[in-house]
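Visitor:
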Amino acid sequence: MREWLRDREHMVRMGILFAGALAVFLVARAVMVPKDFGTYGHFRTGALADNMAHPLVFAGRQACGDCHDDIVASRKGSKHEQIGCEACHGALEAHASADDPSALKPKLPDVKTICLVCHRENVAKPAGFPQVDPKDHGDGGPCTSCHNPHHPEIS
Amino acid sequence: MEADRREFLKQTGLLLVLTGAAAQAWDFVLAGEPEKAPTYKLLDHWWAMAMDIRKCIGCGNCVRACKTENGVLLEPDCFRTWVERYHVHPDDPGHPEVDSPNGGYGGFPEKYKAGDGSKNFFVPKMCNHCAHSPCVQVCPVGATFESPDGVVLVDKTYCLGCRYCVQACPYGCRYIDPRTETVDKCSLCYHRITKGLTTACCEVCPMGARKLGDLKDPKDPIHDFLKDHMIHVLKPEMATGAKAYYNGLDGSVR
Numbered sequence: 006m007r008e009w010l011r012d013r014e015h016m017v018r019m020g021i022l023f024a025g026a027l028a029v030f031l032v033a034r035a036v037m038v039p040k041d042f043g044t045y046g047h048f049r050t051g052a053l054a055d056n057m058a059h060p061l062v063f064a065g066r067q068a069c070g071d072c073h074d075d076i077v078a079s080r081k082g083s084k085h086e087q088i089g090c091e092a093c094h095g096a097l098e099a100h101a102s103a104d105d106p107s108a109l110k111p112k113l114p115d116v117k118t119i120c121l122v123c124h125r126e127n128v129a130k131p132a133g134f135p136q137v138d139p140k141d142h143g144d145g146g147p148c149t150s151c152h153n154p155h156h157p158e159i160s
Numbered sequence: 208m209e210a211d212r213r214e215f216l217k218q219t220g221l222l223l224v225l226t227g228a229a230a231q232a233w234d235f236v237l238a239g240e241p242e243k244a245p246t247y248k249l250l251d252h253w254w255a256m257a258m259d260i261r262k263c264i265g266c267g268n269c270v271r272a273c274k275t276e277n278g279v280l281l282e283p284d285c286f287r288t289w290v291e292r293y294h295v296h297p298d299d300p301g302h303p304e305v306d307s308p309n310g311g312y313g314g315f316p317e318k319y320k321a322g323d324g325s326k327n328f329f330v331p332k333m334c335n336h337c338a339h340s341p342c343v344q345v346c347p348v349g350a351t352f353e354s355p356d357g358v359v360l361v362d363k364t365y366c367l368g369c370r371y372c373v374q375a376c377p378y379g380c381r382y383i384d385p386r387t388e389t390v391d392k393c394s395l396c397y398h399r400i401t402k403g404l405t406t407a408c409c410e411v412c413p414m415g416a417r418k419l420g421d422l423k424d425p426k427d428p429i430h431d432f433l434k435d436h437m438i439h440v441l442k443p444e445m446a447t448g449a450k451a452y453y454n455g456l457d458g459s460v461r
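Protein chains in written order, with this note's numbering: chain A, 6 to 160; chain B, 208 to 461.
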C-alpha cells in the first residue's frame with residue numbers, strides 16, 4: 006500500500022496524459038467527421054446529393070416526342086417502335102433541352118453503318134433476331150434506300 | 208448589422224436542418240418554383256436490374272451509352288458496364304471460352320462458325336447492387352455504401368484509392384479512375400433514376416435485355432419478370448444479395 010502511494014505520481018501523470026489524448030481525439034473527431042455522417046448508415050448523407058448532381062447526357066425517349074411527334078407516329082406498329090430514339094441518334098439531352106433545338110441540330114446517323122450495329126449476322130445473337138449478311142443482302146448501298154429507319158418493315 | 212445576423216442564423220439553421228437533396232429542394236421553394244423541387248423519396252424505392260440473356264444481341268449500345276453518360280474513360284480497362292461473349296462446348300460446359308473485346312464497346316466481330324455444335328451467347332455485366340456488398344464491408348472510411356434505396360454508391364470526396372473494394376468485389380465491377388486515383392463503378396445512373404428516368408444503358412438497349420426495376424413499386428413490371436422466368440443471380444454462393452437478376456443464365460457463366 007505504501008509502495009502504491011509512493012508511486013502515485015506516475016498514475017496521475019498517466020491519467021492526465023490519457024485525458025489529454027482523449028480530449029484531442031474528441032475534438033479532432035468533432036471537427037473532421039462531417040455533420041451529416043451516419044444519418045442513413047456509415048456514410049456521408051451529402052454523397053447521395055453529390056451522385057444526384059451529375060449532369061444528364063441522354064434525354065430519354067419521352068423527351069423527343071414533345072417536338073417530333075411525326076416520327077413517333079411513323080414508328081407505330083413497327084418492330085422498331087420500342088427502341089429508344091437515342092439508341093440510334095446518340096445522346097441528345099443538350100439538343101432536347103436547348104432553348105433553340107434547331108441551333109444544336111444533331112448530326113444524322115450514318116445510314117451505311119448504323120443498321121449493321123444491330124443487324125449484322127453473328128452466331129452469338131439469339132436465333133430469332135433478324136440478322137443479315139451485308140454481302141448477301143441489299144445492294145451494297147445504304148440500307149435506307151429500301152428500309153425506313155423508323156419503320157423498317159417492307160410492305 | 209441586425210439583418211446580417213438574422214440572415215446568418217437562418218442560413219446556418221437551414222444548413223443544419225436540411226441536408227443534401229432537401230437543401231436542393233429548398234432552393235426551388237425559395238425561387239418560387241416548388242413544383243420543380245425533387246420529389247424523390249429515398250425510402251420509397253428499392254432498385255434492381257432485370258437482365259435477359261435470351262434477348263442480348265451484343266450490339267454494345269449499353270457500353271457506349273454508359274461511358275458517354277458518366278464520362279467514363281475510353282481506356283480498355285475502365286468500364287461501369289460491359290458485355291461478355293460465351294462460347295461453350297456442350298460436352299465441356301466447365302471450360303467456356305469467354306471474350307469481351309474492349310468490353311464490347313465496338314460490338315463483337317464474328318469469331319465462331321454456325322453449326323460447330325457449340326452454344327454461343329452474350330452476357331451483359333455490371334454492378335449487381337448487392338444488398339450485402341463485400342465491397343462496402345471492406346471500405347475503411349465509409350466512402351462506398353449501400354444507399355437506403357438499394358444502390359451501391361461511391362463518395363468520391365472520401366475515397367482514399369486504397370483498392371480494398373476493387374479486390375473484394377466478386378464480380379470485378381470496380382476500377383480505379385486514373386484521373387482522380389479514386390474508385391469508380393456503376394452508380395445505377397443515380398442522377399437519372401432519382402429524376403424518374405431510366406439508366407443510360409437501359410435507355411439505349413434495343414431489345415429491352417436490361418430493365419431497371421423498383422422492387423418497392425408493386426406496379427413495376429420487374430415483379431412479372433421475376434415471377435414468369437427461371438431467375439438466377441451471379442455467384443449466389445457468395446451470398447452478396449445481388450440484385451441483378453438474370454433470365455437464361457447458363458451454368459457456365461462466372
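We treat Cβ as the ideally placed atom computed from N, Cα and C, and that holds for glycine.
1. Terminal residues of the continuous alpha helix (DSSP H) containing PHE30(A)?
2. Identify the residues that DSSP records as bridge partners of ALA451(B): which are they?
3. Skipping 5 residues on each side, what residues in its chain have a beta carbon closer than 6 Å to that of GLU242(B)?
4. Can you round the beta-carbon distance between ALA272(B) and GLY420(B) to whole angstroms, since I take them to be within the 8 Å contact cut?
5. Check whether the Cβ of ALA58(A) lies closer than 8 Å to any Cβ atom in chain B.
6. With H, G and I counted as helix, E and B as strand and the rest as coil, what does DSSP make of GLU388(B)?
7. Enumerate in chain order the residues of its own chain whose CB-to-CB distance from CYS148(A) is below 7 Å, with the five nearest sequence positions on each side excluded.
8. Taking CB distances under 8 Å as the criterion, tell me whether SER307(B) reaches chain A.
9. Select from CYS412(B), ASP457(B), LYS434(B) and MET258(B) the residue whose C-alpha is nearest the C-alpha of ALA449(B).
10. Would a check of beta-carbon distances place ASP105(A) closer than 8 Å to chain B?
11. Please classify VAL62(A): does DSSP put it in a helix, a strand, or coil?
12. Closest Cβ-Cβ distance between ASP115(A) and chain B: below 8 Å?
13. If you reduce the DSSP assignment to three classes, tell me which class ILE76(A) lands in.
14. Quick check on the burial criterion: 16 or more other C-beta atoms within 10 angstroms. Buried or exposed for GLU353(B)?
15. GLU91(A) touches chain B at which residues, Cβ-Cβ below 8 Å?
16. Could you tell me which residues DSSP puts in a beta bridge with GLU353(B)?
17. For a contact defined as C-beta to C-beta under 7 Å, what are the partners of HIS302(B) on chain E?
18. Are there three or more Cβ pairs, one per stretch, closer than 8 Å when the stretch 419-435 of chain B is compared with the stretch 318-325 of chain B?
19. Buried or exposed for GLY239(B), please, with buried defined as at least 16 other CB atoms from any protein chain shown within 10 angstroms of its CB.
20. From the beta carbon of PHE30(A), is the nearest beta carbon of chain B less than 8 Å away?
21. Alpha carbon to alpha carbon, what distance is there between ASP141(A) and GLU444(B)?
22. Just to confirm the assignment, what range does the beta strand (DSSP E) spanning GLU304(B) have?
23. Using the Cα positions of CYS151(A) and GLU158(A), report the straight-line distance between them to the nearest angstrom.
24. My guess is that CYS285(B) and ASP384(B) are in contact by the Cβ rule of under 8 Å, so how many angstroms apart are they, rounded?
25. Decide if VAL474(B) is buried, meaning its Cβ has at least 16 other Cβ atoms within 10 Å, or exposed.
26. With a Cβ-Cβ cutoff of 8 Å, do PRO331(B) and CYS269(B) count as a contact?
27. Tell me the DSSP secondary structure of GLY145(A) in three-state form.
28. Locate the alpha helix (DSSP H) running through TYR45(A), then write down its first and last residues.
29. Would you kindly report the start and end of the unbroken beta strand (DSSP E) that includes PHE328(B)?
30. Using C-beta distances below 7 Å, list every residue in its chain close to ARG393(B), excluding the 5 sequence neighbours before and after it, in chain order.
31. Decide if PHE30(A) is buried, meaning its Cβ has at least 16 other Cβ atoms within 10 Å, or exposed.
32. Name, in chain order, the residues that DSSP records as bridge partners for ILE291(B).
33. Distance, Cα to Cα, ALA407(B) vs ALA101(A)?
Guide: The short version:
1. 13-37
2. MET256(B)
3. Note that GLU242(B) scores a pLDDT of 49, beneath 50, so its modelled location is shaky; the value from the coordinates is reported in the next line. Cβ within range, chain order: n/a, list empty.
4. Actually they do not touch by this definition, with Cβ atoms about 19 Å apart.
5. yes
6. coil
7. VAL116 and CYS120
8. no
9. MET258(B)
10. no
11. coil
12. no
13. helix
14. buried
15. ALA272, GLU410 and VAL411
16. VAL359(B)
17. This model lacks chain E altogether; the protein chains it does include are A and B.
18. no
19. Since pLDDT at GLY239(B) reaches only 49, below the 50 mark, its modelled position is unreliable, and the value read off the structure follows with that caveat. So GLY239(B) ends up on the exposed side.
20. no
21. 47 Å
22. 304-306
23. 9 Å
24. 7 Å
25. Because chain B spans 208 through 461 in this model, residue 474(B) falls outside it and cannot be assessed.
26. yes
27. coil
28. No alpha helix (DSSP H) holds TYR45(A); DSSP gives it neither H nor E.
29. 326-333
30. As written in the sequence, residue 393(B) is Cys, which differs from the Arg given in the question. Counting only Cβ-Cβ distances below 7 Å, and skipping sequence neighbours, we find ARG287, THR288, MET333, CYS334 and CYS380.
31. exposed
32. The question names Ile, yet the displayed sequence has Glu at residue 291(B). Paired residues: VAL330(B).
33. 16 Å
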